[in-house]
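First the structure, in the form of structure tokens, and then the observations on it.
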Amino acid sequence: MTFNTFFSPQRIAIIILALAVFVFIGSAGYRWYSIRSTTFLSGAPPADLMDSIEPKYVSPERMKSPAITNTDIFLAGSPTSSIGIVFYADYTNPDSNKLLKQIIQRVSTYNGEIRVILRYLPETTKNRNPSFEAVVLSECSRIMDPNWSAHESLLAIDKENTKISTIEQISFDYSDTDGMIYGCRNDSSLRNRLTQDIQQARGDGILAAPFVFAGTKALPADQANLENIFQAINTYMQ
Numbered sequence: 194m195t196f197n198t199f200f201s202p203q204r205i206a207i208i209i210l211a212l213a214v215f216v217f218i219g220s221a222g223y224r225w226y227s228i229r230s231t232t233f234l235s236g237a238p239p240a241d242l243m244d245s246i247e248p249k250y251v252s253p254e255r256m257k258s259p260a261i262t263n264t265d266i267f268l269a270g271s272p273t274s275s276i277g278i279v280f281y282a283d284y285t286n287p288d289s290n291k292l293l294k295q296i297i298q299r300v301s302t303y304n305g306e307i308r309v310i311l312r313y314l315p316e317t318t319k320n321r322n323p324s325f326e327a328v329v330l331s332e333c334s335r336i337m338d339p340n341w342s343a344h345e346s347l348l349a350i351d352k353e354n355t356k357i358s359t360i361e362q363i364s365f366d367y368s369d370t371d372g373m374i375y376g377c378r379n380d381s382s383l384r385n386r387l388t389q390d391i392q393q394a395r396g397d398g399i400l401a402a403p404f405v406f407a408g409t410k411a412l413p414a415d416q417a418n419l420e421n422i423f424q425a426i427n428t429y430m431q
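Following this line, the structure appears as structure tokens:
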């Protein structure tokens with residue numbers, strides 16, 4: 194076989210076509226990998242990895258009290274109160290429940306000067322976890338029930354290691370006959386909204402309940418007690 198015979202026009206055409214296919218496949222593969230890795234690095238991992246996002250630690254001295262939003266829950270006072278307490282709560286944490294009740298009792302003597310805003314901070318955002326299910330139940334009760342009845346029952350939890358059966362019993366006790374609270378608890382959009390708010394708090398360094406902002410002072414769980422909170426309040430008001 195001569196050189197000219199081996200590199201006939203037909204063989205050259207086949208080689209060129211094969212190279213074109215190889216280049217196309219390589220380019221497509223790289224483009225797919227680039228999109229996947231860029232999406233993940235930009236902060237949008239797959240939904241099933243949301244709970245694996247590491248919380249961000251921020252020194253309390255560097256933290257600022259969050260601004261009031263139109264979805265905030267006011268337990269006392271109003272947006273016009275002169276000073277605010279923002280309380281990040283976990284209903285399945287007895288220390289969180291006890292401290293929140295103490296705060297509400299104390300601020301009642303300030304004649305509306307202090308507002309208390311409740312924000313949810315369960316230990317996880319995983320479905321069927323008692324801590325997260327308590328938050329979902331509380332929010333649904335707040336939306337559906339003018340008396341927000343489930344909130345008080347959830348605040349009455351005073352033991353560690355709350356079981357899901359406890360949350361389900363509270364839900365059953367306050368559920369309406371037409372199933373609106375049950376339907377609300379299964380609303381994926383509500384669960385997603387709560388999850389986003391909780392993830393945002395953790396991303397801001399608010400890691401565990403009870404976490405309190407008293408005026409401009411941030412008090413993480415190991416510093417959040419009635420004495421420290423109202424010392425910060427009184428200092429701010431001077």
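Reading the sequence shown from the start, the letters are residues 194 to 431 in the working numbering.
Each residue gets a CB set at the ideal place from its N, CA and C atoms; glycine is no exception.
> Considering only C-alpha positions, which residue in the set Glu-353, Ala-269, Lys-410 is nearest to Asn-290?
Replying inline: For Asn-290, the closest alpha carbon among the candidates Glu-353, Ala-269, Lys-410 is that of Glu-353.
> Quick one, which of Thr-388, Ser-252, Gly-408, Ala-282 has its alpha-carbon nearest Ala-402's?
Replying inline: For the residues Thr-388, Ser-252, Gly-408, Ala-282, the minimum Cα distance to Ala-402 belongs to Ala-282.
>> Check for me: the beta strand (DSSP E) holding Asp-399 runs from which residue to which?
In response: Per the sequence shown, the amino acid found at residue 399 is Ile instead of Asp. For Ile-399, no beta strand (DSSP E) segment is defined, and its DSSP state is neither H nor E.
> Does the segment 261-268 come within contact of the segment 412-419, defined as at least 3 CB pairs closer than 8 Å?
Replying inline: Pairwise C-beta distances place the segment 261-268 out of contact with the segment 412-419, as fewer than three of them are shorter than 8 Å.
> For the beta strand (DSSP E) that contains Gly-408, what are its first and last residues?
Replying inline: Careful: Gly-408 lies outside any beta strand (DSSP E) and carries neither H nor E.
> Helix, strand or coil for Ala-282 per DSSP?
Replying inline: Ala-282: strand per DSSP, three-state reduction.
>> Just to check my reading of the structure: Arg-378 and Cys-333 have Cβ atoms closer than 8 Å, yes? What is that Cβ distance to the nearest angstrom?
In response: About 5 Å; that satisfies the 8 Å criterion.
> Any idea what DSSP makes of Val-328, helix, strand or coil?
Replying inline: It is helical.
> Quick one: what's Ala-269 bridged to in DSSP?
Replying inline: The bridge partners DSSP lists for Ala-269 are Val-309.
> Glu-439 and Ser-331: beta carbons closer than 8 Å?
Replying inline: Coverage of the chain is limited to positions 194 through 431, which leaves residue 439 absent and any answer about it impossible.
> What do you get for Ile-426, buried or exposed, if any count of 16 or more other CB atoms within 10 angstroms of its CB means buried?
Replying inline: So Ile-426 ends up on the buried side.
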